[in-house]
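Q: This structure is in structure tokens; I'll ask about it shortly.
Number of protein chains: 2
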Amino acid sequence: MSHTLGVRQAQKQKTRQALLDAALLLLEEQSLSSLGLREVTRAVGVAPTAFYRHFRSTADLGVALVEEALGSLHPMIRTTVSTADDSEERIARAVELISRHVEAYPAHVRFIARERHGGVQPVREAIREQLVRFAREVKDELAKDQQAVGWSEDDLLMLAHLYVDQMLITASLFLEALDAAPEERERVTRLATRQLRLISVGRRHWRD
Amino acid sequence: MSHTLGVRQAQKQKTRQALLDAALLLLEEQSLSSLGLREVTRAVGVAPTAFYRHFRSTADLGVALVEEALGSLHPMIRTTVSTADDSEERIARAVELISRHVEAYPAHVRFIARERHGGVQPVREAIREQLVRFAREVKDELAKDQQAVGWSEDDLLMLAHLYVDQMLITASLFLEALDAAPEERERVTRLATRQLRLISVGRRHWRD
DNA sequence: CCATGCAGTTAACAACTGTTCTCTGGAATT
DNA sequence: AATTCCAGAGAACAGTTGTTAACTGCATGG
């Protein structure tokens, strides 16, 4: 806001972003726990020691990637779930939204799916933390709906987590189908749609 | 069956199992894609080159671990879902069964959760293949139930995948809660129970 | 009993890793 | 205009990795 940051810091952020981008690319066919510091700097074209100017370790870089990746997932999840009442068209729209997001940011989706249960503890925790935040937001969104009158806070949070997990599973399926035949993507769409539908039916008849 | 296998092959299988065990132990705090061949042999106490007598690569060892880990998950999933009609007590029993399994084979559960979306393609495919098999079996089990009269094959398979995924999510939550306070495990139990309950409600009111 | 098979060993290789210390050029500050 | 600061370079380190080749000892089958 105050002023455009100097040439110095601009260049620094530029190489920092280059490191993040290169890492994300390399992580398409390996996990973070095997990603080497030199490997990343080599891909960017800077000296290995330059890495330390930006990150303490590759685990540290991983945590930064969590922020970036879930920063892009955030608006997607909000939009998806805020329109997640039961009507058939809205479920279809939610699935479509997930599909589009996977096409737009495949590397981000892959990273989160892979490192959520991956071998680097700080990264796992960062992801878990963010997903808990998301679930809470989803819960707040669900609470606004008229369907939620008889629901306890705990039950709403339970449903929210179900939605968030289901969303990640669906995104992961779309990811696997990315370079497959279009009919495969159609299959995933229909599967995800019906699973969401079943959850919605359960939600509608919960208070019995 | 035919005859007890010779001293030679017995010893071979013994070190092979030792390699698998050591690998599983090392994989508690890293992913397969960073697991080194020498690391494993060092832990067992054999020469690095001995590794090649049993596995082509660590990826190959990973595929073998999939067989082992899902071999132990197999009966668990069958039992869980075959008793998965709607009654409250049976849901509770299923969750209890998952919890017990995680306590009995934490390393197996961790391995599957971690490598399902991990960085080693052959292992990912092996896991996916096995889970599809499981889902098919679960589908067949569901088809036997009286509730399944109006259901199409596709819808049954859809529900089966939902159950399988939910089971893995729950197992993973129990795993994280393993060395936490007992109250945390109780929280996971109640969460998983209600999520399964919601799916059951959706299942009961599906044909509307 | 002797010859073969084969699980595991030893040694060596080129390549790679993370981390340290020292240095440099140019932007930022005074 | 002079000084400080600091992102990145360069070189070197001890340690690691996967893979090769040639070997040894012992259980096995003829």
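One line per chain: the protein sequences are A and B, in this order. The C-terminal residue of the first sequence carries number 208 in full-length UniProt numbering, and the numbering is unbroken. The C-terminal residue of the second sequence carries number 208 in full-length UniProt numbering, and the numbering is unbroken. Built from N, CA and C at the ideal position, the CB exists for glycine as well.
Chain B partners of Met158(A), CB-CB under 7 Å?
A: As a working mapping, residue 158(A) is identified with position 158 in the first sequence. Under the 7 Å cutoff, chain B gives Leu191, Arg194, Gln195.
Q: Any idea what DSSP makes of Gln121(A), helix, strand or coil?
A: Locating residue 121(A) in the first sequence gives position 121, counting from the first residue. Gln121(A) falls in the helix class under three-state DSSP.
Q: With 16 other CB atoms within 10 Å as the buried threshold, where does Ala135(A) fall?
A: Your numbering for residue 135(A) matches position 135 in the first sequence. Ala135(A) is buried by the Cβ-count criterion.
Q: From the beta carbon of Ser2(B), is the nearest beta carbon of chain A less than 9 Å away?
A: Residue numbering aside, residue 2(B) sits at position 2 when the second sequence is read from its first letter. Unreliable placement is indicated for Ser2(B), whose pLDDT of 42 sits below 50; no coordinate value is reported for it.
Q: CB Glu115(B) to CB Ile127(B), shorter than 9 Å?
A: Translated into the one-based positions of the second sequence, residue 115(B) becomes position 115. Translated into the one-based positions of the second sequence, residue 127(B) becomes position 127. Cβ atoms of Glu115(B) and Ile127(B): closer than 9 Å.
Q: For a quick check, are the C-beta atoms of Ala107(B) and Leu162(B) less than 9 Å apart?
A: Stepping through the second sequence from its first residue, residue 107(B) is reached at position 107. Stepping through the second sequence from its first residue, residue 162(B) is reached at position 162. No, the Cβ-Cβ distance between Ala107(B) and Leu162(B) is not below 9 Å.
Q: Taking a contact to mean a Cβ-Cβ separation below 9 Å, would you say Ala18(B) touches Val46(B) in this structure?
A: As a working mapping, residue 18(B) is identified with position 18 in the second sequence. As a working mapping, residue 46(B) is identified with position 46 in the second sequence. Going by C-beta atoms, Ala18(B) is nearer than 9 Å to Val46(B).
Q: Roughly how many angstroms separate the alpha carbons of Thr58(B) and Ser57(A), rounded to a whole number?
A: Along the second sequence, one-based indexing puts residue 58(B) at 58. Along the first sequence, one-based indexing puts residue 57(A) at 57. Going from the Cα of Thr58(B) to the Cα of Ser57(A) covers about 25 Å.
Q: Going along chain A, which residues have a C-beta under 9 Å from Ser34(B)?
A: Within the second sequence, residue 34(B) is the residue found at index 34, counting from 1. Going along chain A in sequence order, the residues near Ser34(B) (Cβ under 9 Å) are Gln30, Ser31, Leu32, Ser33, Ser34, Leu35, Gly119.
Q: Would you grab the beta carbon distance between Ala69(B) and Phe111(B) for me? Rounded to a whole angstrom, and I think it's under 8 Å.
A: Taking the second sequence and counting its residues from 1, one reaches residue 69(B) at position 69. Taking the second sequence and counting its residues from 1, one reaches residue 111(B) at position 111. Rounded, the Cβ-Cβ distance is 5 Å, consistent with contact.
Q: Fully enclosed by the UniProt domain "HTH tetR-type" (13 to 73) of chain A, which alpha helix (DSSP H) runs are 4 residues long or longer?
A: Taking 4 residues as the minimum length, the alpha helix (DSSP H) runs contained wholly in the UniProt domain "HTH tetR-type" (13 to 73) of chain A are 37 to 44, in order along the chain.
Q: Nearest CA to the CA of Gln13(B): which residue from Leu35(B), Asp155(B), Arg53(B)?
A: To locate residue 13(B), count along the second sequence from 1; it is residue 13. Gln13(B) has its Cα closest to that of Arg53(B), out of Leu35(B), Asp155(B), Arg53(B).
Q: Using 8 Å as the Cβ pair cut-off and three pairs as the minimum, do the stretch 194 to 203 of chain B and the stretch 149 to 166 of chain A touch?
A: yes
Q: Can you tell me whether DSSP reads Thr80(A) as helix, strand or coil?
A: By 1-based counting over the first sequence, the position of residue 80(A) is 80. In the structure shown, Thr80(A) sits in a helix (DSSP, three-state: H, G or I).
Q: Given this structure, state the Cα-to-Cα distance separating Met1(B) from Leu32(B), to the nearest angstrom.
A: Translated into positions along the second sequence, residue 1(B) becomes position 1. Translated into positions along the second sequence, residue 32(B) becomes position 32. With a pLDDT of 44 at Met1(B), under the threshold of 50, the predicted position of this residue should be treated as unreliable, and no value is reported.
Q: Give the residues from the stretch 130 to 164 of chain A that approach chain B closer than 9 Å (Cβ to any Cβ), ordered along the chain.
A: Per Cβ criterion, the list reads Asp154, Asp155, Leu157, Met158, Leu159, His161, Leu162.
Q: Arg114(B) versus chain A: which residues are under 7 Å apart at the beta carbon?
A: The residue given as residue 114(B) occupies position 114 in the second sequence. Within chain A, the residues near Arg114(B) are His117, Gly118, Gly119.
Q: Using a cut-off of 8 Å between C-beta atoms, extract the partners of His205(A) located in chain B.
A: Position 205 of the first sequence, counted from the start, is the residue given in the question as residue 205(A). By Cβ distance, chain B contributes Val201, Gly202, Arg204, His205.
Q: DSSP three-state label for Tyr105(A), please.
A: For the purposes of this step, residue 105(A) is taken as the residue at position 105 of the first sequence. The answer is coil: DSSP assigns Tyr105(A) none of H, G, I, E or B.
Q: Excluding the five sequence neighbours on either side, which residues of its own chain have a C-beta within less than 8 Å of the C-beta of Val132(A), listed in chain order?
A: Counted from its first residue, the first sequence places residue 132(A) at position 132. Within the same chain, no Cβ atom closer than 8 Å to the Cβ of Val132(A) is found once the five residues on either side in sequence are excluded.
Q: Can you pull the chain A residues whose beta carbon is under 8 Å from the beta carbon of Leu198(B), in chain order?
A: What you label residue 198(B) is simply residue 198 of the second sequence in a count that begins at 1. Chain A residues near Leu198(B): Met158, Leu159, Leu162, Ile199, Gly202, Arg203, Trp206.
Q: Say whether chain B places a C-beta atom closer than 9 Å to the C-beta of Glu176(A).
A: Walking along the first sequence from the start, residue 176(A) turns up at place 176. Yes - at least one Cβ of chain B is within 9 Å of the one on Glu176(A).
Q: So with CB distances below 8 Å, who are the chain B contacts of Ile91(A)?
A: For the purposes of this step, residue 91(A) is taken as the residue at position 91 of the first sequence. For Ile91(A), none of the residues of chain B pass the 8 Å Cβ criterion, the least Cβ distance being about 13 Å.
Q: For chain A, find out if any of its Cβ atoms is closer than 9 Å to the Cβ of Ser72(B); answer yes or no.
A: For this step, residue 72(B) is matched to residue 72 along the second sequence. Taking a beta-carbon distance threshold of 9 Å, Ser72(B) does not count as an interface residue toward chain A.
Q: For Lys144(A), count neighbouring Cβ atoms within 10 angstroms of its own Cβ and tell me buried if that reaches 16, exposed if not.
A: Within the first sequence, the letter at position 144 stands for residue 144(A). Lys144(A) comes out exposed.
Q: Could you name the residues of the same chain whose beta carbon sits closer than 7 Å to that of Val120(B), not counting the 5 residues immediately before and after it, in chain order?
A: As a working mapping, residue 120(B) is identified with position 120 in the second sequence. Once the five neighbours on either side are set aside, the close Cβ partners of Val120(B) are Leu32, Ser33, Ala59, Gly62.
Q: Please report whether the beta-carbon of Arg110(B) lies at a distance below 9 Å from any beta-carbon of chain A.
A: What you label residue 110(B) is simply residue 110 of the second sequence in a count that begins at 1. Chain A contact via Cβ: present.
Q: Give the range of the alpha helix (DSSP H) segment to which Val201(A) is assigned.
A: Walking along the first sequence from the start, residue 201(A) turns up at place 201. From DSSP, the alpha helix (DSSP H) with Val201(A) extends over 182 to 204.
Q: Which residues bound the alpha helix (DSSP H) around Thr4(A)?
A: For the purposes of this step, residue 4(A) is identified with residue 4 of the first sequence, where counting begins at 1. Here Thr4(A) belongs to no alpha helix (DSSP H), and DSSP marks it neither H nor E.
Q: Please classify Asp155(B): does DSSP put it in a helix, a strand, or coil?
A: As a position in the second sequence, residue 155(B) is number 155, starting the count at 1. Asp155(B) falls in the helix class under three-state DSSP.
Q: Run the CB neighbour count on residue 213(B), radius 10 Å, all protein chains shown included, and call it buried at 16 or more, exposed below.
A: No answer is possible for residue 213(B): it lies beyond the span of chain B, which begins at 1 and ends at 208.
Q: At 7 Å on the CB atoms, spell out the chain A contacts of Ile169(B), in chain order.
A: As a first step, residue 169(B) must be located in the second sequence, where it is residue number 169. Simply Asp165.
Q: By DSSP, does Ala126(A) sit in helix, in strand, or in coil?
A: Against the first sequence, residue 126(A) aligns to sequence position 126. Residue state, collapsed to three classes: helix.
Q: Is Ser99(B) helix, strand or coil when you go by DSSP?
A: Your numbering for residue 99(B) matches position 99 in the second sequence. In the three-state scheme derived from DSSP, where H, G and I count as helix and E and B as strand, Ser99(B) is classed as helix.
Q: Chain B partners of Ser172(A), CB-CB under 7 Å?
A: Walking along the first sequence from the start, residue 172(A) turns up at place 172. Per Cβ cutoff of 7 Å: His117.
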